[in-house]
Amino acid sequence: MTMRNFLSLGLLVFLTSAFTNPEQRGSEEVDGIAVKKEVKVPGFILEKNGKKIEGKIVPGSITDNELKITFISRSGQKKTYKPKDIKGYGYEAEIEDDLGLGDTEWVFYESTKADYPPKPFASKDVFMQRESEGAVSLYCYYIEVRNNPKQPFRYVYYLKDQNGKLSKIEKDDFKKVSKTLFKDYTAMSNRIGRKDFLYKNLDRMVRDYNYWVANQHDAGEYRVAMKQ
């Protein structure tokens, strides 16, 4: 799947899940007034102790998802959680694959602290979307750009190493950081900066690097990992 043009995958996941699920289309009428129907998708929360509670998630906008999430338990109890309340959450969303066909994908968020809030005057304690997990874990963080209606969001990547240290990586330092990060996997490090090995491709690169770390095939041979 092509990950990003001006919109992120996370935003596309939300928009598609909101408008393509047959159970969620349309609106309801209250006293003759059309009201947008609430979107509910399969999901879970992770409590502070690591316990996974399954139920339904009510997704919000791409930046609202980073600040709070509404969860409905199997018993029907509805509650809104902030990053300080839980370790994270995930939900299943409908997307389009590369052929334009319907598919589903799980979106995962973890509680952490960002360098700046996703929207003005909001908290820097956020839920950050996890895109890859392994020897190196990759997160994508979205920020509102209110003075640019054509591109209302921008994104920045964060990397977490094996020691759990979270570091921001932006376009300006991508090449330097990546060459150091992936130096042992020469088939990748030698390609950094070329087509398909740019900042926008970092999600796939991390996935392929983790595949190499796990399998330890020839470092000079590039192999593409299957997306889970």
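Each residue of the sequence shown is one higher than the last, beginning at 79 in this note's numbering.
Ideal Cβ positions, reconstructed from N, Cα and C, are used throughout, including at glycine.
If the criterion is Cβ atoms closer than 8 angstroms, does the pair residue i and residue j meet it?
| i | j | result |
| --- | --- | --- |
| Y287 | M304 | no |
| I140 | G121 | no |
| L216 | Y235 | yes |
| S189 | F199 | no |
| Y167 | I147 | yes |
Should residue i be counted as a contact of the ligand SAM given a C-beta to heavy atom distance under 7 angstroms?
| i | result |
| --- | --- |
| L276 | Ligands are entirely absent from the displayed structure, and the ligand SAM is therefore not among its contents. |
At the level of alpha carbons, what is the spacing between residue i and residue j?
| i | j | result |
| --- | --- | --- |
| G128 | Y159 | 15 angstroms |
| D181 | I173 | 5 angstroms |
| Y233 | C218 | 7 angstroms |
| A292 | I221 | 33 angstroms |
| G298 | E183 | 32 angstroms |
| P100 | V117 | With a pLDDT of only 38 at P100, under 50, the local geometry of the prediction cannot be trusted, and the value read off the model is given with reservation. For P100 and V117, the distance between alpha carbons rounds to 11 angstroms. |
| I270 | A213 | 19 angstroms |
| G154 | G133 | 9 angstroms |
On the DSSP bridge assignment, give the partners of residue i in chain order.
| i | result |
| --- | --- |
| M206 | E188 |
| S256 | Answer is none; S256 lacks a bridge partner. |
| K246 | Y236 |
| A265 | Paired residues: none, contrary to the question. |
At which residue ranges does the region 268-305 contain complete alpha helix (DSSP H) runs of 4 or more residues, listed in the order of the chain?
280-293
Every unbroken alpha helix (DSSP H) inside the region 131-158 [4 residues or more]:
142-145
Sufficient close CB pairs (3 or more, under 8 angstroms) joining the region 246-263 to the region 223-232:
no
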